[in-house]
Amino acid sequence: MQMEQPQQDTQAQPDTLTPDFTQADLILEELRKEPAPAASKAKSPAANPFPVQAFPQAVQRIIRATNESLRFPLDFIATSMLTAAATAIGNTHTAYVMPGWQEGAVLYAALVAPPGSNKSHPLTFAFAPLAKRDDESYHRYAQERKEYDMLQGMSRKQRDPAAEEIEKPVLSKNLVSDFTQEALTEAHSHNPRGVCVVADELAGFIKNLNRYTSGGDVEFWLSAWSGKTVSVDRLSRISLRIKRPFIPIVGTIQNGVLLQLARDGKSDNGFIDRFLFAMPQQVRKERWSDLTLDAAHAYNWEKCISFLTDLRLEKDEWDTPVPRQLRFSPAAWARLQEWQAVNTDLCNAAESEALQGVYTKLESYAIRFALVLQLMAWACNEDGKEAIELKAVEGAILLAEYFRATARVVQRIVRNEDPLDRYSQGQRNLYAQLPQHFTTAEGLLAAERHGMPERTFKKFLSEKTLFTKVSHGQYEKQL
1 MQMEQPQQDT
11 QAQPDTLTPD
21 FTQADLILEE
31 LRKEPAPAAS
41 KAKSPAANPF
51 PVQAFPQAVQ
61 RIIRATNESL
71 RFPLDFIATS
81 MLTAAATAIG
91 NTHTAYVMPG
101 WQEGAVLYAA
111 LVAPPGSNKS
121 HPLTFAFAPL
131 AKRDDESYHR
141 YAQERKEYDM
151 LQGMSRKQRD
161 PAAEEIEKPV
171 LSKNLVSDFT
181 QEALTEAHSH
191 NPRGVCVVAD
201 ELAGFIKNLN
211 RYTSGGDVEF
221 WLSAWSGKTV
231 SVDRLSRISL
241 RIKRPFIPIV
251 GTIQNGVLLQ
261 LARDGKSDNG
271 FIDRFLFAMP
281 QQVRKERWSD
291 LTLDAAHAYN
301 WEKCISFLTD
311 LRLEKDEWDT
321 PVPRQLRFSP
331 AAWARLQEWQ
341 AVNTDLCNAA
351 ESEALQGVYT
361 KLESYAIRFA
371 LVLQLMAWAC
381 NEDGKEAIEL
391 KAVEGAILLA
401 EYFRATARVV
411 QRIVRNEDPL
421 DRYSQGQRNL
431 YAQLPQHFTT
441 AEGLLAAERH
451 GMPERTFKKF
461 LSEKTLFTKV
471 SHGQYEKQL
């Protein structure tokens, strides 16, 4: 992809602050508090920084530029761009895992933060190229519909007998904001490539689930995520059936709304396991930047999306999409298997069934991430698209680990609990003082300062809820 050199000429856009901190917001702040740093002049890194390096170089530059000039949180703009790229790919490609198992690029993503924290603008920027295409599609549709209606209003004598009968035009679009199954399946039937639900607020989506029948709406979304056939029989005029659905979801959500995910069993049926939660380590409203965003960055992003939307969609005789299957290169497959083994061990050792469900879904997501990253690299002219390469898998693993950490935080918010509550004040103080990554020797030294015996500390270190053993003598805090 031919990239333009950045020049500063576009003004940053302000955000609106609407203070409305709920109990869940306060819970989040407590759970996400960083430990008190040791005496050092160096700035402490975030415990779970978003891995921007997972993306192709051209996309990294856009992400960082929007962060510096428009103050977009890295987590929000990167997740939005990842989902937009997945939407552009649609049903054109899948990742081949083994016979009978292919993964498409469907992502369910939520940008989580209090009001006024610049959640919506990253979505707007990331999906602007697709919104532009929808605008162009609508103008064509409006003109065709005008001509169709004019012809329908003519009598047989007024019509040109040599003219061919005109079919009723339909509107094909990439983005929708209506969550109802009827509207979604109808829009999807007009665009077999896929449609993405983009919502400024996911609260309405969560609230409206199951408003018709018990479990019906949730089952629709569980099937859509897995690429299984979905159908709607409630339409008065016709029943619709989508054999290969491609319906990503992305939107913003306030911390308090997360608690609604646990209601009506949504945290127990695997629904919440399918969401990727983008959660910056420190959420706050930023001052406006003196830097302006170079127009070249928006242009380059539009070019990247354009290459992806121009990917050919193959269909069978029934007009059902037949995606091209991308296989993993030998090195990429070996690395993916290596990570899957680690993920399996973490899944088996997870302290709750909820986290086991999350870790299981991460395996599918790692494959999906690799597919999207490989095609993004191709669109940026940084790699080919004959196979999913090692670099894409490495990036996918970085993303999977980021979303693993945010999922743990969300699980605690949903259950309104802090695992540290069941430990003594001394243990909580020690935990707060330990760095995110530490060695056994460093931990023992900290324990000694807090008056904790070595034997007691090593028993404390075995708590899986609090610590993960990364390697021999190396530990990582889970909270």
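Just so it is clear: in the sequence shown, position 75 is 75 by UniProt numbering, and no numbers are missing. All residues carry an ideal CB built from backbone N, CA and C; glycine is no exception. Since the structure is predicted, the reported quantities are computational estimates derived from the model, not experimental observations.
Only exposed fits K315, as fewer than 16 other CB atoms lie within 10 angstroms of its CB. Taken atom to atom, the span from the alpha-carbon of D345 to that of E338 is near 11 Å. The residues D200 and T252, in chain order, have a CB closer than 7 Å to that of S120 in the same chain once the five nearest residues on each side in sequence are set aside. For A54, no alpha helix (DSSP H) run applies, since DSSP gives it neither H nor E. For F275, the closest alpha carbon among the candidates N300, P321, L222 and K464 is that of L222.
With respect to the 8 Å criterion, I249 and Y402 are not classified as neighbours on the basis of their beta carbons.
Per DSSP, the beta-bridge partners of E103 are A95. Annotated as distal: T94 and L313, with beta-carbon spacing of 8 Å or more. Between Y148 and L171, the C-beta spacing is not below 8 Å. In this chain, the alpha helix (DSSP H) harbouring S306 covers A295 to T309. If you look at H437, you'll find it in the beta strand (DSSP E) that goes H437 to T439. At a cut-off of 4 residues, the continuous stretches assigned as alpha helix (DSSP H) that sit fully inside the segment 363-423 are 390-414. Following the DSSP letters along the chain, one finds L240 inside the beta strand (DSSP E) bounded by residues L240 to I242.
D233 is classed as exposed because its beta carbon has fewer than 16 other beta carbons within 10 Å across all chains shown.
Residues Q356, Y359 and T360 of the same chain have their beta carbon placed closer than 7 Å to that of C347, with the five preceding and five following residues left out of the count.
Under a 10 Å Cβ-count criterion, W378 is classified as buried, with 16 or more other Cβ atoms of the shown protein chains found around its own Cβ. One Cα belongs to E302, the other to Q57, and the distance between them is close to 16 Å. Residues R241 of the same chain have their beta carbon placed closer than 6 Å to that of S231, with the five preceding and five following residues left out of the count. With respect to the C-alpha of S189, the residue from L399, T229, G104 and R408 having the closest C-alpha is T229.
Counting other Cβ atoms within 10 Å of its Cβ, V372 reaches 16 or more and is therefore classed as buried. Of all alpha-carbon atoms in A278, A396, T468 and L326, the one lying nearest the alpha-carbon of A349 is that of T468. When V322, W318 and Y141 are compared, the shortest CA-CA separation from P169 is found for Y141. Between the alpha carbons of Q411 and A113 lies a distance of about 15 Å. Taking 4 residues as the minimum length, the alpha helix (DSSP H) runs contained wholly in the segment 167-219 are 181-190 and 203-208, in order along the chain. Take the alpha-carbon of A407 and the one of Q143: they are about 47 Å apart.
When the five nearest sequence neighbours on each side are left out, the beta carbons in the same chain lying within less than 6 Å of the beta carbon of G395 are those of A54 and L373, in order along the chain. In the three-state DSSP reduction, S231 falls in the strand class (E or B). Taking the C-beta atoms as reference points, D75 is found no nearer than 8 Å to M376. Q60 is the residue among N48, E351 and Q60 whose C-alpha sits nearest the C-alpha of C304. Out of S471, M452, E182 and K459, the CA that lies nearest to the CA of T439 is found in S471.
Going by DSSP, T252 is part of no alpha helix (DSSP H) but of the beta strand (DSSP E) stretching over I249 to I253. In this structure, DSSP gives A110 an extended state, which the three-state scheme calls strand. The Cβ atoms of L444 and F457 sit closer than 8 Å to each other.
Rounded to whole angstroms, the gap between the alpha carbons of L184 and K464 is 42 Å. If you ignore the 5 residues before and after G384, its C-beta comes within less than 7 Å of the C-beta of W378, all in its own chain and listed in chain order.
Beta-bridge partners of K469 (DSSP): Y475.
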